[in-house]
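Reading through the structure tokens given below for one structure.
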Amino acid sequence: MQDRYEPQAVERDAQAFWDAQGSFNVSEDPARRKFYCLSMFPYPSGKLHMGHVRNYTIGDVLTRHYRMRGMNVLQPMGWDAFGLPAENAAMANKVPPARWTRDNIAYMKKQMQSLGLALDWKRELATCDPSYYKWNQWIFTRLFRKGLAYKKTGVVNWDPADQTVLANEQVIDGRGWRTGALVEKREIPMYFFRITAYAEELLAALDGLKGWPEQVKLMQKNWIGKSEGVRIGFEYFLNNKKQILWVFTTRADTLMGATFMAVAAEHPIATFAAEDNPPLKAFIEECKKGGVQEADIAQLEKKGMPTGLSVRHPITNEEIPVWVGNYVLMAYGEGAVMGVPGHDERDFGFARKYGLPIRQVIDTGKAFSTEAWEESFAEHGRCIHSGNYDGLDYQSAVDRIAADLKSRNLGEKQVQWRLRDWGISRQRYWGCPVPIVHCPACGDVPVPDDQLPVVLPEDLVPDGTGNPLNKRPEFVNTTCPSCGKPAKRETDTMDTFVDSSWYFARFACPGQDRAMVDERASYWMPVDQYIGGIEHAILHLLYSRFFERVMRDEKLIPGLAEPFTNLLTQGMVLAESYYTDAKGRREWVNPADVVVVRDAKGRITEARTKDGREVIYDGIGTMSKSKNNGVDPQALIEKYGADTARFYTMFASPPTNTLEWSDESVEGSFRFLKRVWAYCLKYENQDSTPKSAEQKAVRFEIHSVLKQINYDIEKHQLNTVASGAMKILNALERLEGCPEEAKEGLQILLRVLAPITPHVAHHLWRELGFGEDIMRAPWPDPDPAALAQDEVEYVVQISGKTRGKVLVPAGSDNDQTASIAITAMSKYIGDKAIRRTIVVPGRLINIVI
RNA sequence: GCCGGAAUGGCGGAAUCGGUAGACGCAGCGGACUCAAAAUCCGCCGUCCGCAAGGGCAUGAGAGUUCGAGUCUCUCUUCCGGCACCA
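With positions in the first sequence counted from 1, the corresponding number in the numbering used here is that position plus 1294.
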């Protein structure tokens, strides 16, 4: 074999071998256990970033490991190819989004291939291809006929200067990013998917997702947000006609403390009251300013204005004033809330600000004051100052009040969801067209199957002022599929989350052009292991769970509800950032161009650019263009090879943690692979010498590490798998002169490395004559004989403090173990009485004196 | 604001069920090899006291449970992810 480890040559050869063998192309095989391993497909933004490298390496390590375990493993790849960045790039470069996107796909595919990922490229798909999005449109028309897709108004960010709808990302400090104009809320007609119809099931099924992280399930549970409460009606008269203002509350027990009502600015009652009330009209206009992001709205200063109208308290008949509040969301519940300042923090603040009465109606056993809010005011307790309800606890009060309201048709118990229906319409060009034709006579008509797909013209370049599809009459003008008369095509496109809600099922069915999915999906689905960023914990994963149920109910994948059996949420990749400060102007310097000076203990004392300018450390954060702290995977692969990049990303941090990038540590990973190479060279040329006692200890160590590796890889803690490989090499280097043991250890090492650094493992395996293809070698398991020990080492503690170690013959019982320890520790015990002795078998003895 | 996480040496991290805190690596320091450098190899490496043997302290802060807490409970601080049109 070659003296020097040259990753480029090794990787080129290994990749050529896999290509020639078609190593990663798989098909259905009922004889073997199937395993579907999927990393979230990327948005083709231009080139791979380190987050991609990390994501796909994790998936690839698991894929290759399960293959070596004998399973039929599918690992496909595709492109989430519709979306906003392509339109932005199109505007900047005057190039159609389609071309930009396809160029990016071609480049990123090449990069993925250079990483040596075990992907079945025969299944590649891109969501912008008509052959894919046709089925978005097809399923939409099914849902539309069932009423699971429907039209209503929704609120969007409106840029009055460009006359266009903005994404939340395009609203910066309340202004349009291109125009700087103050953004307004605007209601427009949109299509929605009725995900709330599945709310109960989506919530209940979370319990069954044993392979999902608890934190993700908890976030989904809170997002769906089931709450049980009471819907309460407050009567009022409008033009002498009786009307009812409905609210929902989980605290019906505080009804007797309601002193005002607050409605959203868009609530019909507010619109009515504003007709002859100019200040109110102005206030409602003011509420329309700003974007629609909940994070912004929730942090607004709470403001309100009385409507001059009042409603009647359903129990006391008291007149209660109705206010418009900027903190009430029309999208949640009824768009109106009852204000109970005594027992709700927001209402308390509102009442204090506007001088509304604050009444205590719950006794929590703690002090109450109308001056300053205390957390205890919101606790459950017994009703007071509540007439007939005095003395009742929370549940009895809610039950009694709900019953009383029901008898008068002014309320009943109700389950309320935080989850809202999914608005899928986007007033954008680069997406899947919504397959609807608007006919003056027939209304909204879904496009019939034989006219699908509605193909998106690919030659348009958006200019930032609305959807360019509207400016293309050939697209807009059509005939009604129902009556044949002239009609207009819908120009909105679908939310790209629709595209990504079912792509995993489509991967199972390459070449299928007559159906959304076929029976092959039933073989491969569900995805056994899904891997992706924690930032997708709610939306993408929830929409996919919804879609799987929709597809189940369409009998597309019968019986399947959950798309992902096991979920691994990887952490983000972070890097340090540095800048030079020239007269207050920051110039960001790439960390690769910064030289640090350290003190004797290795602490950083100073940092400079390579040409000697002082730089300021700005802390650690996500890699971004604006801070110039990105690490280009391509440069890394060219310098060290894909195996080093893969090893480092696995070794540096457990998959679920954030990964802080360090160029120096990459060097260490490269060094390790060079040591593996050097060891193999030495192994080839070594002579046999007589066996020593060392050889048994080394063998014990290698098999112990392997046992730990197998435990760690099952729980996907891949950083300790990588460090386990290093430990095996450290042990092997002490084995000089024992060719049999060295061969066994080396074969273990290479097979453990095969999933992480597949190229070099493949090369060395063949080079040393261990076999044709390491991917076909079985995954190693530790030999119980190597793990057997004559004596077990125990830690001895005296009253919880570690004082030493003792060797205990294997097989000793607890009493024997304890007495050995007591004898050994006599100098600490002296004449003191032993109160008790705790023996943890195989580990520790604690003598309490 | 609301929901969910995280915090361990100079740095990344390890510690499986509550049982030796700091595995493995990076950086640093010392040495070998070399004319020299790079590469490579060997040794040291939480902190304080001590010549040493040894001992004290230490897992973001503060309390608690326990023979024993990085791990469990409560309170707090800081940072990160999400909040429905970035993907």
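In this text, a Cβ means the ideal position worked out from N, Cα and C, and glycines have one as well.
With C-beta atoms as the reference, is residue 1713 less than 8 Å away from residue 1482?
It is not a contact, given that the beta carbons lie outside the stated cut-off.
What is the residue span of the alpha helix (DSSP H) that residue 1358 lies within?
Its alpha helix (DSSP H) spans residues 1344-1362.
With which residues is residue 1909 paired in a DSSP beta bridge?
Secondary-structure assignment with DSSP links residue 1909 through no beta bridge to anything.
Give the straight-line distance between the Cα atoms of residue 1677 and residue 1823, rounded to the nearest whole angstrom.
Going by C-alpha positions, residue 1677 is about 51 Å away from residue 1823.
Just to confirm, is the Cβ distance from residue 2144 to residue 1365 under 8 Å?
Residue coverage of the chain in this structure runs from 1295 to 2143, which leaves residue 2144 outside it and unanswerable.
Is the Cβ-Cβ distance between residue 1549 and residue 1609 less than 8 Å?
Yes, these two residues count as a Cβ contact at 8 Å.
If we ignore side chains and look at the alpha-carbon of each, how far apart do residue 2081 and residue 1980 end up?
In this structure, the alpha-carbon of residue 2081 lies about 26 Å from that of residue 1980.
Between the stretch 1478-1496 and the stretch 1661-1673, are three or more C-beta pairs nearer than 8 Å?
Contact between the stretch 1478-1496 and the stretch 1661-1673 is absent, because fewer than three Cβ pairs lie under 8 Å.
Taking C-beta to C-beta, are residue 1385 and residue 1955 nearer than 8 Å?
In this structure, the beta-carbon distance from residue 1385 to residue 1955 does not fall below 8 Å.
So the alpha helix (DSSP H) residue 1382 belongs to, where does it begin and stop?
Looking at the DSSP string, the run of the alpha helix (DSSP H) that includes residue 1382 is 1378-1387.
Residue closest to residue 1944, alpha-carbon to alpha-carbon, out of 2049, 2041, 1852:
A check of alpha carbon separations from residue 1944 across 2049, 2041, 1852 identifies 2049 as the nearest.
Burial state of residue 1594, where buried means 16 or more other Cβ atoms lie within 10 Å:
Its Cβ having fewer than 16 others within 10 Å, residue 1594 is exposed.
Do residue 1443 and residue 1558 have their C-beta atoms closer together than 8 Å?
Result no, Cβ atoms of residue 1443 and residue 1558 do not sit closer than 8 Å.
Under 8 Å, do residue 1390 and residue 1754 count as touching if we go by C-beta distance?
Yes, the pair counts as a contact, with Cβ atoms nearer than the cut-off.
Here's a check: name, in chain order, each residue in its chain whose Cβ is nearer than 8 Å to the Cβ of residue 2123, leaving out the five neighbours to either side.
For residue 2123, where only same-chain residues beyond five positions count, the Cβ hits under 8 Å are 2092, 2116, 2141, 2143.
Rounded to whole angstroms, what is the Cα-Cα separation between residue 1661 and residue 1523?
Distance between residue 1661 and residue 1523, taken at the CA atoms: about 27 Å.
Cα-Cα separation, residue 1952 to residue 1841:
Using only the alpha carbons, I get a separation of about 30 Å.
Excluding five sequence neighbours on each side, which residues of the same chain lie with their C-beta closer than 6 Å to the C-beta of residue 1859?
Scanning its chain for C-beta atoms nearer than 6 Å, with the 5 sequence neighbours on each side dropped, one finds around residue 1859 the residues 1505, 1820, 1822, in chain order.
When DSSP labels each residue in this structure, what does residue 1662 get in the three-state scheme?
Residue state, collapsed to three classes: coil.
Closer than 6 Å by C-beta to residue 1837: which residues in its own chain qualify, once you throw out the five before and the five after it? Chain order, please.
The residues are 1791, 1795.
Which residue's Cα is closest to the Cα of residue 1855: 1977, 1831, 1869, 1502?
Comparing Cα-Cα distances from residue 1855 to each of 1977, 1831, 1869, 1502, the minimum goes to 1502.
Whole alpha helix (DSSP H) elements within the stretch 1923-2006, 4-residue minimum:
If we require 4 residues or more, the alpha helix (DSSP H) runs fully inside the stretch 1923-2006 come out as 1927-1934, 1936-1945, 1957-1979.
Is any heavy atom of the ligand NAP found at a distance shorter than 7 Å from the C-beta of residue 2107?
Ligands displayed in this structure: none; no statement on the ligand NAP is therefore possible.
Which residue's Cα is closest to the Cα of residue 1532: 1516, 2126, 1605?
Answer by Cα proximity: 1605.
Going straight from the alpha carbon of residue 1599 to that of residue 1581, what length do you get?
Using only the alpha carbons, I get a separation of about 11 Å.
Please confirm if the stretch 2057-2066 is in contact with the stretch 2033-2044, defined as three or more CB-CB distances below 8 Å between the two stretches.
Taking 8 Å as the limit for Cβ pairs, the verdict is that the stretch 2033-2044 does touch the stretch 2057-2066.
Please report how far the alpha carbon of residue 2004 lies from the alpha carbon of residue 2051, in whole angstroms.
So the alpha carbons of these two residues sit roughly 17 Å apart.
Measuring alpha carbon to alpha carbon, tell me which of 1372, 1411, 1378 ends up nearest residue 1940.
Comparing Cα-Cα distances from residue 1940 to each of 1372, 1411, 1378, the minimum goes to 1411.
Buried or exposed, going by whether 16 or more other CB atoms sit within 10 Å of the CB of residue 1946?
Buried, since its Cβ has 16 or more Cβ neighbours within 10 Å.
Do you know whose CA, among 1485, 1465, 1484, 1700, lies nearest residue 1476's CA?
The shortest C-alpha separation from residue 1476 is found at 1465.
Using 10 angstroms around the beta-carbon of residue 1689, count the other beta-carbons present and answer buried if the total reaches 16, otherwise exposed.
Answer is exposed; the Cβ neighbour count stays below 16.
Helix, strand or coil for residue 2063, going by three-state DSSP, please let me know.
Here residue 2063 sits in coil by DSSP.
For the stretch 1863-1874 against the stretch 1917-1926, are there 3 or more C-beta pairs whose distance is under 8 Å?
Touching, yes.
Buried or exposed, going by whether 16 or more other CB atoms sit within 10 Å of the CB of residue 1512?
By the neighbour-count rule (16 or more Cβ atoms within 10 Å), residue 1512 is not buried but exposed.
With 16 other CB atoms within 10 Å as the buried threshold, where does residue 2107 fall?
With fewer than 16 other Cβ atoms from the protein chains shown falling within 10 Å of its own Cβ, residue 2107 counts as exposed.
Per DSSP, residue 1599 is paired with what?
Under the DSSP definition of a beta bridge, residue 1599 partners with 1618.
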